[in-house]
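Colleague: In my numbering, the protein residues as written are 6 to 67. C-beta: ideal position from N, C-alpha, C; glycine also. Structure below; questions to follow.
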């Protein structure tokens, strides 16, 4: 699941916990909301796994 800063803040305010991956989308892009919106709109996501010490999910958006 993808969590953004705004959602994590709201969850905290109501006593919940949302985990934000600081090595993920939020810190890799100048405008993470644009990328999150693009990912959310993918209906048939093609992906591949690359082994570089961890699994990497790559979306190919047509």
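Alpha carbon to alpha carbon, how far is residue 26 from residue 33?
Modeller: If I take the Cα positions, the gap works out to 11 Å.
Colleague: From residue 39 to residue 30, what distance separates their C-alpha atoms?
Modeller: Looking at the two C-alpha atoms, the distance is approximately 10 Å.
Colleague: Can you give me the C-alpha to C-alpha distance between residue 11 and residue 24, rounded to a whole angstrom?
Modeller: So the two alpha carbons sit approximately 12 Å from each other.
Colleague: Take residue 16 and list the residues in its own chain whose beta-carbon comes closer than 7 Å to its own, dropping the five residues that flank it on each side.
Modeller: Result list for residue 16: 22, 23, in chain order.
Colleague: Short of 6 Å in beta carbon distance, which residues of its chain neighbour residue 5, apart from the five on each side in sequence? Order them along the chain.
Modeller: Look at the range of the chain in this structure, 6 to 67, and you will see that residue 5 is not part of it.
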